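Order-wise, the sequence lines are chains A and B.
Reminder that position 265 of the first sequence reads as 264 in numbering that gives the first Met the number 0, one-by-one numbering, no gaps.
Reminder that position 41 of the second sequence reads as 40 in numbering that gives the first Met the number 0, one-by-one numbering, no gaps.
Quick reminder that beta carbons are idealized off the backbone N, C-alpha and C, glycines included.
In this text the structure is predicted, and so the values were computed from the model without any measurement.
Following: one structure in structure tokens, then a few remarks.
Protein chains: 2
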Amino acid sequence: MKETFGDGGAAPAPAALAAKVRTLAPSMTRSMQRVAEAVANDPAGCAALTVTGLAELTGTSEATVVRTARLLGYPGYRDLRLALAGLAAQQQSGRAPAITTDIAVDDPIADVVAKLAYDEQQTLADTAAGLDTVQLGAAVSAAAAARRIDVYGVGASGLVAQDLTQKLLRIGLIAHAHSDPHLAVTNAVQLRAGDVAIAITHSGSTGDVIEPLRVAFERGATTVAITGRPDGPVTQYADHILTTSTARESELRPAAMSSRTSQLLVVDCLFVGVAQRTYETAAPALAASYEALAHRHRR
Amino acid sequence: MKETFGDGGAAPAPAALAAKVRTLAPSMTRSMQRVAEAVANDPAGCAALTVTGLAELTGTSEATVVRTARLLGYPGYRDLRLALAGLAAQQQSGRAPAITTDIAVDDPIADVVAKLAYDEQQTLADTAAGLDTVQLGAAVSAAAAARRIDVYGVGASGLVAQDLTQKLLRIGLIAHAHSDPHLAVTNAVQLRAGDVAIAITHSGSTGDVIEPLRVAFERGATTVAITGRPDGPVTQYADHILTTSTARESELRPAAMSSRTSQLLVVDCLFVGVAQRTYETAAPALAASYEALAHRHRR
DNA sequence: CTCGACATTGAAAATACCTTTCAAGTGTGA
DNA sequence: TCACACTTGAAAGGTATTTTCAATGTCGAG
């Protein structure tokens, strides 16, 4: 005959394992208590063990381990082990509040990854929440209809400018990125009504970027500023202002890092908006550029 | 002979299973993809199944299930199942519903913003979860001690390469970004042991980037690959592999967009890691560059 | 103090599950 | 069209889990 234990009524409890162990402890034999204790004390560790392993650890036998599992309400050790793994995962994920602190010089690399990822996620959420969709829509409309689009950005923002330009080119629009202030200005002079000029500057006060935008503005082009300071000097020449979020920075995490994340999201939104409005031409252009690149990949 | 799959280096990933499935999907066979898909779609359900059960559910064989588990980085199905149980428990204990739909041509601009922000956040989480901190640590150590660091990247990855270079320069290291494949190779020839070469390519098969990395590798430099395809050609010349996540893409949201987000996070982690290890020189260098820029702001 | 009934326990057999092997099927490039 | 490499599942081969069962220990009654 089969040995039967447990009340049978209790479903395989998910989380309240420690409690169950305490409740059932009095009705357990000595060896079973040892097993139950081990399980309650270190779910994660026990989840890594086989029946044999746990039996050895507790100085008992496989049979006892199985009996304990049964008493705790599981069909067998296999299922207890699964529950244990779940429990371990849960309580591990529970303890992750420490990410809010700054990155320290002696943080282990895993913490650095977690903190950076968290911060950037935060930045994205903030940016999305703070973005004025009306202004964005207006900028999109202007860009979609533009004869030509010039983008100004220096330093880290210069890369964002290039990113935007690359993508716009891919959907068949005419776009240029300028990080050389002189060339930017001389190009801005060529702009006229119907063209679009976009300045990207986190501080909102980068002279090298403001100057070409001013020229474009005066030439009658539609001007857009992507900046973290909606009250900064750059905005006085901007028809549309797209605000990026300013995350807290620390010594090891320069402002450039999160502002870049924020700027890229804005730029992506701008791009997708434009792609939507020019879908007829954008879709085949994207497909074509994709196709063209296939040849440059090795097998 | 024993069949061997998987990279072995990847530790049994804790949470980033869905991401891992996406990353590895391209290198899977059809039946394996069916298994992987089932696992990614319903971790909880699959955790309740035995190998045989999962094989039947997916219309494949036990062998295929085991192979898939291996490819995902686990020693066997047993361990995958444990991980699944953990995952199931985790995601049961509270999670947002997720904005799963693709961006459509007629989405209002506000939806575009929300979806893009959500997707990029997801990409960040996946990347952070899937990043091998051991590999990262090794790359950091090498870079911190390097005489010189060369970074290769073309197209969108070229901007990421520049971003990394800009930051490394700011903390006083000698770093160069190359997007011209000819110049990249001719520069790679100059590298020797103690130098570091970093290749950035989402596809893992961009010849223009692989070639200079190969040269650097053969010259004895420490080589690092930042790629979304840990099994791609680029990795054969890489001492350390940093895996970026592959998010689902759609027509309006090219892969380049999320891969860039992922790459930037990796690059940021690398940078911060290096800055930590070279803190004595990095801190004053950062302060100095900050100071130098102040003059370029108006008012 | 001795005996017997019963509970507890672990060794070992039996089973279920997981892993590996291998041959047949399938597609792919020369 | 053929040769080749890759993919796949059936079945053999191992492990882990479960069950059985006999040995041992416990405790109360005579």
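Q) To which residues of the same chain is Ala224 of chain A closer than 6 Å at the C-beta, ignoring the five residues directly before and after it? A) In the first sequence, counting from the first residue as 1, residue 224 of chain A sits at position 225. Correct list, in chain order: Ala198, Val233, Thr234, Ala237 and Ile240.
(Q) With three or more C-beta pairs closer than 8 Å as the rule, is the segment 79–88 of chain A touching the segment 46–53 of chain A? (A) yes
Q.
If you reduce the DSSP assignment to three classes, tell me which class Ile170 of chain A lands in.
A. Start at 1 with the first residue of the first sequence, and residue 170 of chain A comes out as number 171. If DSSP states are grouped into helix, strand and coil, Ile170 of chain A belongs with coil.
Q: List the DSSP bridge partners of Val223 of chain A.
A: Counted from its first residue, the first sequence places residue 223 of chain A at position 224. The partner list for Val223 of chain A (beta bridge, DSSP) reads A:Ile197 and A:His239.
Q.
Against chain B, does Leu190 of chain A count as a neighbour if the rule is that its beta carbon must be under 7 Å from one of theirs?
A. Residue numbering aside, residue 190 of chain A sits at position 191 when the first sequence is read from its first letter. Output row for Leu190 of chain A: interface = no.
Q.
According to DSSP, simplified to helix, strand and coil, what is Arg276 of chain A?
A. Taking the first sequence and counting its residues from 1, one reaches residue 276 of chain A at position 277. Three-state result, Arg276 of chain A: helix.
Q. Does the distance from the C-beta atom of Cys268 of chain B to that of Val112 of chain A stay below 7 Å?
A. The residue given as residue 268 of chain B occupies position 269 in the second sequence. The residue given as residue 112 of chain A occupies position 113 in the first sequence. Cβ atoms of Cys268 of chain B and Val112 of chain A: closer than 7 Å.
**Q.** Same chain, Cβ closer than 7 Å to Leu285 of chain A, neighbours up to 5 away in sequence not counted
**A.** Counted from its first residue, the first sequence places residue 285 of chain A at position 286. If we look at Leu285 of chain A and ignore the five residues flanking it on each side, its Cβ neighbours are Arg169 and Ile170.
Q. When the Cα atoms are used, what is the spatial distance from Phe216 of chain B to Tyr117 of chain B?
A. In the second sequence, residue 216 of chain B corresponds to position 217, counting from 1. In the second sequence, residue 117 of chain B corresponds to position 118, counting from 1. Rounded to whole angstroms, Phe216 of chain B to Tyr117 of chain B spans 38 Å at the Cα level.
Q. Taking DSSP as the reference, what is the three-state secondary structure of Thr205 of chain B?
A. Here residue 205 of chain B is taken as the residue at index 206 of the second sequence, counted from 1. Residue state, collapsed to three classes: strand.
Q) Is the Cβ-Cβ distance between Val64 of chain B and Tyr76 of chain B less than 7 Å? A) For the purposes of this step, residue 64 of chain B is identified with residue 65 of the second sequence, where counting begins at 1. For the purposes of this step, residue 76 of chain B is identified with residue 77 of the second sequence, where counting begins at 1. In this structure, Tyr76 of chain B lies closer than 7 Å to Val64 of chain B by Cβ.
Q. Taking just the CA atoms, how far does Pro229 of chain B sit from Ala17 of chain B?
A. Position 18 of the second sequence, counting from 1, holds the residue named residue 17 of chain B. Position 230 of the second sequence, counting from 1, holds the residue named residue 229 of chain B. Looking at the two C-alpha atoms, the distance is approximately 16 Å.
(Q) Using 7 Å as the threshold, is the C-beta distance between Val34 of chain B and Thr57 of chain B below it? (A) Here residue 34 of chain B is taken as the residue at index 35 of the second sequence, counted from 1. Here residue 57 of chain B is taken as the residue at index 58 of the second sequence, counted from 1. Cβ atoms of Val34 of chain B and Thr57 of chain B: closer than 7 Å.
**Q.** Helix, strand or coil at Tyr151 of chain A [DSSP, three-state]
**A.** Within the first sequence, the letter at position 152 stands for residue 151 of chain A. Three-state DSSP puts Tyr151 of chain A in a strand.
Q. What number of angstroms, rounded off, separates the C-alpha of Ala142 of chain A from the C-alpha of Ala68 of chain B?
A. For the purposes of this step, residue 142 of chain A is identified with residue 143 of the first sequence, where counting begins at 1. For the purposes of this step, residue 68 of chain B is identified with residue 69 of the second sequence, where counting begins at 1. Distance between the alpha carbons of Ala142 of chain A and Ala68 of chain B is about 48 Å.
Q: Confirm, please, whether the CB-CB distance from Ser261 of chain A to Thr164 of chain A is below 7 Å.
A: One-based indexing of the first sequence puts residue 164 of chain A at position 165. One-based indexing of the first sequence puts residue 261 of chain A at position 262. No.
Q | Identity of the residues DSSP links to His175 of chain B by a beta bridge | A | Sequence index remark: in the second sequence, residue 175 of chain B carries index 176 (1-based). For His175 of chain B, which the question treats as bridged, DSSP gives the partners B:Asp149.
Q: Please go through the segment 53–86 of chain B and give each complete alpha helix (DSSP H) segment of 4 or more residues, from N-terminal end onward.
A: 61–70
Q) So which residues of chain A does Gly136 of chain B contact, with C-beta pairs closer than 8 Å? A) Taking the first residue of the second sequence as position 1, residue 136 of chain B is located at position 137. Within chain A, the residues near Gly136 of chain B are Ile108.
Q. Hey, out of A:Val188, A:Thr242 and A:Gly152, whose CA is closest to Ala220 of chain A's CA?
A. For the purposes of this step, residue 220 of chain A is taken as the residue at position 221 of the first sequence. Considering only alpha carbons, the answer is A:Val188.
Q | Contact the segment 268–278 of chain B vs the segment 128–141 of chain B: 3+ CB pairs below 8 Å | A | yes
(Q) Going by DSSP in three states, Tyr289 of chain B sits in which element: helix, strand or coil? (A) Translated into the one-based positions of the second sequence, residue 289 of chain B becomes position 290. Of the three classes helix, strand and coil, the one that applies to Tyr289 of chain B here is helix, per DSSP.
Q. Near Ser174 of chain A, which residues of its chain fall below 6 Å by C-beta distance, leaving aside the five closest residues on each side in sequence?
A. Here residue 174 of chain A refers to the residue found at position 175 when the first sequence is read from its first residue. Checking the displayed sequence, the identity of residue 174 of chain A turns out to be Ala instead of Ser. Excluding sequence neighbours, Ala174 of chain A sits near Ile148, Thr164, Leu167 and Leu168.
Q: Can you give me the start and stop residues for the alpha helix (DSSP H) that Gly129 of chain B sits inside?
A: As a first step, residue 129 of chain B is located in the second sequence; it is residue number 130 there, counting from the start. Per DSSP, Gly129 of chain B belongs to the alpha helix (DSSP H) from Ile108 to Gly129.
Q | Listed by chain order, chain A residues near Thr132 of chain B by CB distance under 7 Å | A | Here residue 132 of chain B refers to the residue found at position 133 when the second sequence is read from its first residue. Within chain A, the residues near Thr132 of chain B are Ile108, Ala109 and Val112.
(Q) For a test of the three-state rule: what should DSSP assign to Lys19 of chain A, helix, strand or coil? (A) Position 20 of the first sequence, counted from the start, is the residue given in the question as residue 19 of chain A. Note: Lys19 of chain A maps to helix in three-state DSSP.
Q: Indicate the three-state DSSP secondary structure (helix, strand or coil) for Arg213 of chain A in the structure shown.
A: Against the first sequence, residue 213 of chain A aligns to sequence position 214. Here Arg213 of chain A sits in helix by DSSP.
Q: Run down chain B in chain order and give the residues with a C-beta less than 7 Å from the C-beta of Met256 of chain A.
A: The residue labelled residue 256 of chain A in the question sits at position 257 within the first sequence. Going along chain B in sequence order, the residues near Met256 of chain A (Cβ under 7 Å) are Asp267.
Q. By the criterion of Cβ-Cβ separation under 7 Å, what are the contact partners of Pro253 of chain A in chain B?
A. Along the first sequence, one-based indexing puts residue 253 of chain A at 254. Residues of chain B passing the Cβ test: Leu285.
Q) Nearest CA to the CA of Gln32 of chain B: which residue from B:Val20, B:Ala43 and B:Asp41? A) Counting from one through the second sequence, the residue named residue 32 of chain B turns up at place 33. When only C-alpha atoms are compared, the closest one is B:Val20.
Q: Could you check what DSSP says for Arg33 of chain B in three-state terms: helix, strand or coil?
A: By 1-based counting over the second sequence, the position of residue 33 of chain B is 34. Arg33 of chain B: helix per DSSP, three-state reduction.
Q: Identify which residue in B:Tyr151, B:Val104, B:Val184 and B:Ser26 has its Cα closest to the Cα of Thr280 of chain A.
A: Start at 1 with the first residue of the first sequence, and residue 280 of chain A comes out as number 281. For the residues B:Tyr151, B:Val104, B:Val184 and B:Ser26, the minimum Cα distance to Thr280 of chain A belongs to B:Val104.
Q: Measure from the C-beta of Tyr73 of chain B to each C-beta in chain A and report whether the shortest distance is under 7 Å.
A: Against the second sequence, residue 73 of chain B aligns to sequence position 74. Not closer than 7 Å to any Cβ of chain A, the Cβ of Tyr73 of chain B fails to qualify, so no.
Q: Give a yes or no on whether 7 Å exceeds the smallest Cβ distance from Asp278 of chain B to chain A.
A: Along the second sequence, read from residue 1 onward, the residue named residue 278 of chain B stands at position 279. For the record, residue 278 of chain B in the displayed sequence is Tyr; it is not Asp. At least one chain A Cβ lies under 7 Å of Tyr278 of chain B.
Q | Residues that Val104 of chain A contacts on chain B, provided the C-beta gap is smaller than 8 Å | A | As a position in the first sequence, residue 104 of chain A is number 105, starting the count at 1. The answer, in chain order, is Gln275 and Tyr278.
Q. Looking only at its own chain, which residues have a Cβ that is under 7 Å from the Cβ of Arg191 of chain B, when we skip the five neighbours before and after it?
A. Counting from 1 along the second sequence, the entry for residue 191 of chain B is found at position 192. Once the five neighbours on either side are set aside, the close Cβ partners of Arg191 of chain B are Arg218, Gly219 and Ala220.
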